[in-house]
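Colleague: Numbering that gives the first Met the number 0 numbers the first residue of the sequence shown as 0 and each following residue consecutively. Glycine included, every Cβ here is placed at the ideal spot set by N, Cα and C. In this text the structure is predicted, and so the values were computed from the model without any measurement.
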Amino acid sequence: MPNPTIKNEKLYEDLRKEGNSKQKSARIANAAAARGKSAVGKKGGKSGSFDDWTVTDLKKRAKELGLSGYSNLSKDKLISKIRNS
């Protein structure tokens with residue numbers, strides 16, 4: 000069933016398959032629907048990979064996202080939990 004808050008479902012699903020979080024995928028898909036893909040691609044900078052983050056920083060990000068049950072996770076599982084939030 001289509002999600003009415005997502006304006007470009009195909010782009011959203013492609014971004015999720017690449018490993019992007021639900022929030023990031025929705026933000027990009029909706030911006031692309033409003034301004035066009037080429038305009039969205041030009042905006043913003045580069046963000047480092049979660050693999051480059053420390054476990055402490057990842058836990059802070061998980062807390063910011065309101066996640067729970069992350070305190071004893073390995074780095075890989077913590078990254079996965081953040082991406083799939």
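Assuming contact is defined by CB atoms lying nearer than 8 Å, are Val54 and Lys74 in contact in what I supplied?
Modeller: Translated into the one-based positions of the sequence shown, residue 54 becomes position 55. Translated into the one-based positions of the sequence shown, residue 74 becomes position 75. Going by C-beta atoms, Val54 is nearer than 8 Å to Lys74.
Colleague: Following the continuous alpha helix (DSSP H) through Tyr11, name the residue where it begins and the one where it ends.
Modeller: Translated into positions along the sequence shown, residue 11 becomes position 12. That run of the alpha helix (DSSP H) goes 8-16.
Colleague: Using a C-beta cutoff of 8 Å, does Ala31 count as contacting chain D?
Modeller: Absent here is chain D; the protein component of the structure consists of one chain.
Colleague: Among the residues of its own chain, which have a CB less than 6 Å from the CB of Asn29, if the five just before and after it don't count?
Modeller: Within the sequence shown, numbered from 1, the residue matching residue 29 stands at position 30. Closer than 6 Å at the Cβ level, and outside the excluded window around Asn29, lie Lys6.
Colleague: Do you know offhand how far Met0's Cα is from Lys80's?
Modeller: The count along the sequence shown starts at 1 and reaches residue 0 at position 1. The count along the sequence shown starts at 1 and reaches residue 80 at position 81. Unreliable positioning characterises Met0 in this predicted model, as indicated by a pLDDT of 48, which lies under 50. The coordinate reading is nonetheless provided below. Cα to Cα, the separation comes out at about 24 Å.
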